[in-house]
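Chains as they are written, first to last, in UniProt numbering: chain A, 1 to 112; chain B, 1 to 112.
Idealized CB from N, CA, C, for every residue including glycine.
It should be emphasised that the depicted structure is a prediction, and the values quoted were computed from it without experimental measurement.
Here's the structure we're looking at; comments come further down.
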């Protein structure tokens, strides 16, 4: 099982591409068949499939084939690793702001 | 001023690199001078400066030079655009789950 940093890495690499991000945005609304996903992009199907494979490898999407139709879904909790990382940075930055605030309070001469 | 999608794009591209992500993590704790930032990486200074420039262009960090010392800080609210985007995807995905839930409730035969 990939560790937290490997997972974060592959999720961010996957989302750094605008086409893949648009696919994730579309799938957050509902699952879709591949032809539906391809429609908004002027892109050959093999290129789209390559993006989908990368999203699947990053654990962001999952797909099922029934007959000749492949349906792609956003994997539940797919973006949790990014939420977690952002939360950690925010906590660090808030602590930093608090320390700065405390410093300013201490540095301000008291009114007498 | 860059629009939301341009900003999101440059932030995600910046964070897709593990070195740049490590710099952001370090700066979330406190501002740092360039030599401090360079210390954990076995990397030539020009490469580090290139990463810092990319982070600065993405609006993630800001830097100030005093004499020969450059101090780099995380820009307040730097990651807000990513928070916003994640929130939007989560809202969409939750609505999808709610609709599925409603569908299941409707599809379940009532007990008589």
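If you follow the beta strand (DSSP E) that residue 70 of chain A is part of, which residue opens it and which one closes it? Residue mapping note: residue 70 of chain A aligns to position 70 of the first chain, counting from 1. Note, residue 70 of chain A: beta strand (DSSP E), 69-74.
Is residue 51 of chain B close to chain A, meaning its C-beta is less than 8 Å from at least one C-beta of that chain? The residue given as residue 51 of chain B occupies position 51 in the second chain. For residue 51 of chain B, the answer is no, since every Cβ of chain A falls outside 8 Å of its Cβ.
Inter-residue Cα distance where the pair is residue 23 of chain A and residue 68 of chain B: For the purposes of this step, residue 23 of chain A is identified with residue 23 of the first chain, where counting begins at 1. For the purposes of this step, residue 68 of chain B is identified with residue 68 of the second chain, where counting begins at 1. Separation of residue 23 of chain A and residue 68 of chain B (C-alpha to C-alpha, rounded to the nearest whole angstrom) is 46 Å.
Secondary structure at residue 92 of chain B, three-state DSSP: helix, strand or coil? As a working mapping, residue 92 of chain B is identified with position 92 in the second chain. Residue 92 of chain B: helix per DSSP, three-state reduction.
Drop a sphere of 10 angstroms on the beta-carbon of residue 35 of chain A, count the other beta-carbons inside from all chains shown, and report buried for 16 or more, exposed for fewer. By 1-based counting over the first chain, the position of residue 35 of chain A is 35. It counts as exposed.
Is the beta carbon of residue 32 of chain B sitting closer than 8 Å to the one on residue 89 of chain A? The sequence position of residue 32 of chain B within the second chain is 32, counting from 1. The sequence position of residue 89 of chain A within the first chain is 89, counting from 1. It is not a contact, given that the beta carbons lie outside the stated cut-off.
Is the beta carbon of residue 62 of chain A closer than 8 Å to that of residue 75 of chain A? To locate residue 75 of chain A, count along the first chain from 1; it is residue 75. To locate residue 62 of chain A, count along the first chain from 1; it is residue 62. Closer than 8 Å, so yes.
Per DSSP, what are the beta-bridge partners of residue 32 of chain B in this structure? Position 32 of the second chain, counted from the start, is the residue given in the question as residue 32 of chain B. Answer is B:72.
For residue 19 of chain A, the three-state DSSP class (helix, strand or coil): Position 19 of the first chain holds residue 19 of chain A. Correct three-state label for residue 19 of chain A: helix.
Comparing C-alpha positions only, which one of B:44, B:97, B:57 sits nearest to residue 7 of chain B? Here residue 7 of chain B refers to the residue found at position 7 of the second chain. Checking every option, the nearest Cα to that of residue 7 of chain B belongs to B:57.
Using a cut-off of 7 Å between C-beta atoms, extract the partners of residue 25 of chain B located in chain C. In summary, chain C is missing from the structure at hand, where the protein chains are A and B.
Given a cut-off of 8 Å, decide if residue 48 of chain B and residue 72 of chain B are closer than it, judged by their beta-carbon atoms. Locating residue 72 of chain B in the second chain gives position 72, where the first residue counts as 1. Locating residue 48 of chain B in the second chain gives position 48, where the first residue counts as 1. No, the pair does not count as a contact, with Cβ atoms beyond the cut-off.
Quick check on DSSP: helix, strand or coil for residue 63 of chain B? Locating residue 63 of chain B in the second chain gives position 63, counting from the first residue. It is a strand residue.
Look at residue 51 of chain B and residue 19 of chain B and say whether their C-beta atoms are less than 8 Å apart. Here residue 51 of chain B is taken as the residue at index 51 of the second chain, counted from 1. Here residue 19 of chain B is taken as the residue at index 19 of the second chain, counted from 1. Taking 8 Å as the Cβ cut-off, residue 51 of chain B and residue 19 of chain B qualify as a contacting pair.
Short CB-CB distance (under 8 Å) between residue 30 of chain A and chain B: Along the first chain, read from residue 1 onward, the residue named residue 30 of chain A stands at position 30. Taking Cβ atoms only, chain B reaches closer than 8 Å to residue 30 of chain A, which makes this a yes.
Status (buried if at least 16 other CB within 10 Å, exposed otherwise) for residue 42 of chain A: Position 42 of the first chain holds residue 42 of chain A. Counting Cβ neighbours within 10 Å, residue 42 of chain A comes out exposed, since fewer than 16 surround it.
Per-residue burial, residue 98 of chain B [other beta carbons within 10 Å of its own, 16 or more giving buried]: As a position in the second chain, residue 98 of chain B is number 98, starting the count at 1. Residue 98 of chain B is exposed by the Cβ-count criterion.
Best match in A:26, A:87, A:106 for proximity to residue 80 of chain B [C-alpha to C-alpha]: Reading the second chain from its first residue, position 80 is the one you call residue 80 of chain B. It is A:87 whose Cα lies nearest to the Cα of residue 80 of chain B.
Is residue 13 of chain A close to chain B? Criterion is C-beta to C-beta, closer than 8 Å. One-based indexing of the first chain puts residue 13 of chain A at position 13. Closer than 8 Å to some Cβ of chain B, the Cβ of residue 13 of chain A qualifies, so yes.
For residue 85 of chain B, which residues from the same chain have a beta carbon less than 6 Å from its beta carbon, with the 5 sequence-adjacent residues on both sides left out? Taking the second chain and counting its residues from 1, the one referred to as residue 85 of chain B is at position 85. Excluding sequence neighbours, residue 85 of chain B sits near 8.
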